[in-house]
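Accompanying notes for the structure given below.
Protein chains: 2
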Amino acid sequence: MFSKVQRCARFQFFKVYENGNFKRCGSTYGRPDFTKNTYNVSRGYYNYLQEDHIRFFQRLLGEKRVIMDLSDLEKYNVDWYIQVRGCSSIVLKPKTTDEVSKILSFCEKNRLAVCPQGGNTGVVGGAVPVFDEIILSTELMNQIISLDETLGVMVCEAGCVLENLDNHLADRGLTVPLDLGSKGSCQIGGNVSTNAGGMRLIRYGNMHGNILGLEVVKANGEIIDCLSTLKKDNTGYHLKHLFIGAEGTLGVVTKVAFHCPPRPKYRSVAFLGLQDFHKALKTFRKAKEELGEILSAVEVMDIPTMNFIKEKNNQQSPIGNYPFYLMIEISGSNESHDSEKLHSFLDSCMSSNLILTGTVATDPTKLNAIWRIREGISEGYKTCGAVFHYDISLPLEHYYTLVDDMRRHMGSRCERVFGYGHLGDGNLHLQIQMKEYSKELKELAEPYIYKRTAELKGSISAEHGMGFMKRRYLDLAKPPSSVSLMRDLKKLFDPNGILNPYKVFP
Amino acid sequence: MFSKVQRCARFQFFKVYENGNFKRCGSTYGRPDFTKNTYNVSRGYYNYLQEDHIRFFQRLLGEKRVIMDLSDLEKYNVDWYIQVRGCSSIVLKPKTTDEVSKILSFCEKNRLAVCPQGGNTGVVGGAVPVFDEIILSTELMNQIISLDETLGVMVCEAGCVLENLDNHLADRGLTVPLDLGSKGSCQIGGNVSTNAGGMRLIRYGNMHGNILGLEVVKANGEIIDCLSTLKKDNTGYHLKHLFIGAEGTLGVVTKVAFHCPPRPKYRSVAFLGLQDFHKALKTFRKAKEELGEILSAVEVMDIPTMNFIKEKNNQQSPIGNYPFYLMIEISGSNESHDSEKLHSFLDSCMSSNLILTGTVATDPTKLNAIWRIREGISEGYKTCGAVFHYDISLPLEHYYTLVDDMRRHMGSRCERVFGYGHLGDGNLHLQIQMKEYSKELKELAEPYIYKRTAELKGSISAEHGMGFMKRRYLDLAKPPSSVSLMRDLKKLFDPNGILNPYKVFP
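Top line first, the protein sequences correspond to chains A and B.
Per the working numbering, the first sequence runs over residues 888 to 1393.
Per the working numbering, the second sequence runs over residues 888 to 1393.
Structure representation (structure tokens):
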């Protein structure tokens, strides 16, 4: 195991490589300004934490599970991208649903705001406090409760780390139905609350399809037991879906039951060079037709993305320079069948001039090395002067239009505009890299990109959620009738608005 | 094409075979008693239809789309199983969302109850009126709006018939992600409203995973536009899921956007004979492991089911008599690969004594003939003196326990208890056949089966919904906190309760 520590230019934090993988940094002294100072936001009419509140929490949880030491608090107050920072003075670490219920019930009665937090790997500032909200961490709720190996159904607590669940399932021939770059830190409860998407959505579908049951605690402490483990259950309203993607504003997810598909026995990824985006689209369509049920990821990136990776992460394209790259992953149950399908598809792509060149990785070391090129991109942001990063969904015909639009719009005022993402889901990650952070450039980029996305009938948040960072653009994402219905639901579930305030809603 | 007309013993209705398939009967004179007389139910405080109401509807829709002729009304008032019968005197057939909006807005203002109806293929009495509710039929809202062939996304109106959509997609290498026995009549809006399950859920997942967007009209006529066509869209609450499976009690679905997976190029079904249920379970697990991504249906039936099919539908087991039968369907993108996987799996099942015998059908005619054995079972009910049919989900270890339990419980008072269903989803269809219908036998069977299902941690409605028939058992399906939340939601969405009254809630 080798470990390398880098100092970040702007935020002065540590980035740690372990076993060739990027790991979450434990920022020990670097930190952004307080969100309350940086952004124009007013504290809600919540009470301030008092001695008797603290004593209640200490009686309930014991002193060790009530964190108040300033240095210990830091990592809960600052987000993964080190872009927002709250000033909470307390982190609570319940171990049971009953404790969560008692905490929320107490907070509701005492009008104390609460910020639920899972692995704190979100990138829109949804999981850290804005002011002094009490941080409710699920990290000690990390038990696997049951696994039906025949049907493929796991039940676990919300704080289980995604990768740990997948490792547990791997020994039993099953897999978690989602894969994220942050899998080593993110928690299943957070995945549910943010309707996490990731790389394999094209294969396994979204959280709404994969979550079979939830246990959730409402703001008043009431436990909503929708923890069904059944694949089919049509008995009344499908309440659990309201909490999927609600970003902790309607309730705190405490337990999760989810569908575990059979684990593929064979995996292979093709890294391909292409002349233009149009050919990437045609290759994607061909992949769907010819690879069908074994297709498990379709990622695209442009050459400026590859240049960025080279500069910031010191990683090389394995095939040289091309205007566009596609990563097409297959995974299936039979090595010779799967390999034959992939090579037949690639031969056909070459002979029809869809792709210029490519390499195929099957050996796990090589395969992981290729995936690290893709998964490491977001790490690169941190070593830049500044990158604005946008998570967008677009109809495929406009997928790359937006990148070109942004290049024209930003002109020479930025260093580089680049685009990559989950082409198979129409999910673009668009980045604007500048010499140094500038509020003026942000104002130039941001309203434009969201308005343009709305015009192109896209989504201003494909998979990251609204959190704190995108909330002021909610009106571009939903028509007034939907926003009004959202407000009605928030009022119904959390009339005093104690759950994750300043998030989702403008 | 041959067409055969049968008279039903009990209900005197017509059953029509066309092209070897059962088709919906057009019941011209047979009918059950009025629901309001059969069941202990009181009419809500709604207004009665008056002349000026009719004039409003006629001005809005024209006279032809306001149906009031008694013989024309009949098929809208009686359900598919001819078990419940409303006494509505009017059917409205809007063609646009705007018309639906104006109708509901008018009904809400005038406190007129409305029963939304799609293909009227439901089996729990959810889509027909109980009293004189205005029937709002979506059958003229049957246009396909758009299809993104590359991403695989179709947008259409709610009244499109499932099979028509699938035929449209077939020409473009795509498929609808669900398959139901009633596909020739059921409408996509109804599929959404009932969260339809069916045979291929094991392959394509449920409606929550496949529906990308909905347009819905609330009780007050407000149009909720969640008609996203994007695979990923995390902008605020995921409102559309509230309407999926709400059985038309929270809003009327008017447009649907859904995911269309690549159409399999090859399909094959194995019809297998087994010694006992335990071996069926082991074979299922083996199928998941070895057939993986090409597995598309796993159906089970017991020998009494096969005897029933023989007697009522005059269909034979293609492999002789065995205690249990499994139907394992595969579908994939490569005939030789798929066929090789299936035969290797079957050889291994034979050599490990999991299965006793079997036959494989690949030729479409034979394949359809085998599926007709399975799909025709529910048709058989109609030619019986009486069958109570229950749609249940159970944890797999208890799947067949309930059938044995019911045999013991009913004893010699019934002719036959039999079980079949979607084993791959834990979904059991349990039937109790009697010489003739008896209210006493129903009371003996019904509370027991639902209570026992709840004890075994199953669901009292796997895929059919609560409708009118199961509503009084809602408390066995959901804890009080969930039922209370459901009531809050109903009140929020439809404060005057005009939408599909007497359904879902006790």
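Cβ atoms here follow ideal geometry from the backbone N, Cα and C, with glycine treated the same way.
It should be emphasised that the depicted structure is a prediction, and the values quoted were computed from it without experimental measurement.
Item, Value
"Classification of Asp1225 (chain A) by the beta-carbon crowding that lies within 10 angstroms, buried from 16 upward", "buried"
"Bridge-paired residues (DSSP) for Gln1320 (chain A)", "A:Val1274, A:Arg1303"
"Contact with chain B by Cys912 (chain A), beta-carbon distance below 8 Å", "Low per-residue confidence applies at Cys912 (chain A): pLDDT is 38, beneath 50, and the placement is therefore not dependable, though the value from the model is reported in the following sentence. No, its Cβ sits nowhere closer than 8 Å to a Cβ of chain B."
"Contact set between Ala1364 (chain B) and chain A, taken where Cβ atoms lie within less than 7 Å", "Thr1122, Gly1123"
"Where the beta strand (DSSP E) containing Gly1100 (chain A) begins and where it ends", "1098 to 1104"
"Runs of beta strand (DSSP E) wholly within the region 1308 to 1369 of chain A (minimum 3 residues, chain order)", "1314 to 1321"
"C-beta contact flag for Ile1279 (chain B) and Leu1331 (chain B) at 8 Å", "no"
"Gly1046 (chain A) to Ala1083 (chain A) span [Cα, whole Å]", "15 Å"
"Cutoff 6 Å; reference Thr1288 (chain B); Cβ partners in own chain excluding five residues on either side", "none"
"Buried or exposed by the 16-neighbour rule on C-beta atoms within 10 Å, applied to Thr915 (chain B)", "Because Thr915 (chain B) carries a pLDDT of 36, less than 50, the predicted location of this residue cannot be relied on, and no value is offered for it."
"Reference Thr1025 (chain B); option with closest CA among B:Leu991, B:Lys980, B:Glu1333", "B:Lys980"
"Listed by chain order, chain A residues near Ser1239 (chain B) by CB distance under 9 Å", "The premise fails here: Ser1239 (chain B) is roughly 16 Å from chain A at the closest Cβ pair, so nothing lies under 9 Å."
"Under 7 Å (Cβ pairs) to chain A, residues found in the region 1213 to 1236 of chain B", "Gly1219, Ser1220, Asn1221, His1224, Lys1228"
"9 Å Cβ cut-off: residues of chain B touching His1351 (chain A)", "Asn1121"
"Chain B contact residues for Asn1314 (chain A), given Cβ-Cβ distances below 8 Å", "Lys1118, Lys1119"
"Closer than 8 Å to chain A by CB, Tyr1387 (chain B)", "Inspection of the sequence shows that residue 1387 (chain B) is occupied by Asn rather than by Tyr. By this cut-off, Asn1387 (chain B) is not an interface position."
"Residues that Ala1133 (chain A) contacts on chain B, provided the C-beta gap is smaller than 7 Å", "Tyr1124"
"Residue-level contact to chain B via CB, Phe993 (chain A), 8 Å cutoff", "no"
"Reference Asn1208 (chain A), options A:Pro1191, A:Asn1200, A:His1351, A:Ser992, closest by Cα", "A:Pro1191"
"Arg1374 (chain A), DSSP secondary structure in three states", "helix"
"Own chain residues within Cβ distance below 7 Å of Ile878 (chain A), not counting five before or after", "One cannot answer for residue 878 (chain A) here, as it falls past the ends of chain A, which runs 888 to 1393."
"Euclidean distance between Cα positions of Leu1328 (chain A) and Met1297 (chain A)", "8 Å"
"Contacting residues, own chain, Cβ-Cβ under 6 Å from Arg911 (chain A) (five flanking each side not counted)", "Any answer about Arg911 (chain A) is weak, because its pLDDT of 39 lies below 50 and its placement is not dependable; what the coordinates show is given next. Only Ser1072 meet the Cβ criterion."
"Residue from A:Leu1363, A:Glu1216, A:Val1247 whose Cα sits closest to the Cα of Ile1336 (chain A)", "A:Leu1363"
"Closest Cα partner of Arg1303 (chain A) within the set A:Cys1271, A:Glu1284, A:Gly1313, A:His1309", "A:Cys1271"
"Interface residues of chain B facing His940 (chain A) [CB-CB closer than 8 Å]", "Chain B residues near His940 (chain A): none, gap ~26 Å exceeds 8 Å."
"Amino acids of chain A, ordered along the chain, whose beta-carbon sits closer than 8 Å to that of Asn1082 (chain B)", "Asn1121, His1125"
"Distance, Gly1092 (chain A) Cα to Asp1234 (chain B) Cα", "32 Å"
"Contacting residues, own chain, Cβ-Cβ under 6 Å from Thr1340 (chain A) (five flanking each side not counted)", "Ile1279, Ile1347"
"Pick from B:Lys1228, B:Lys1199, B:Ala1248 that is closest to Met1214 (chain B), judged by C-alpha positions", "B:Ala1248"
"Proximity of Ile1242 (chain A) and Gly1160 (chain A) at Cβ, strictly below 8 Å", "yes"
"Which of helix, strand or coil DSSP assigns to Tyr935 (chain A)", "coil"
"Chain A contacts made by the region 1022 to 1049 of chain B, where a contact means CB separation under 8 Å", "Asp1035, Glu1036, Thr1037, Leu1038, Gly1039"
"Partners in chain B for Met1373 (chain A), counting only beta-carbon separations shorter than 8 Å", "Gly1123, Tyr1124, Leu1126"
"Lys872 (chain B), DSSP secondary structure in three states", "The question about residue 872 (chain B) has no answer here: the residues shown for chain B are numbered 888 through 1393."
"Between the CA atoms of Cys1002 (chain B) and Leu1317 (chain B) - distance to the nearest angstrom", "29 Å"
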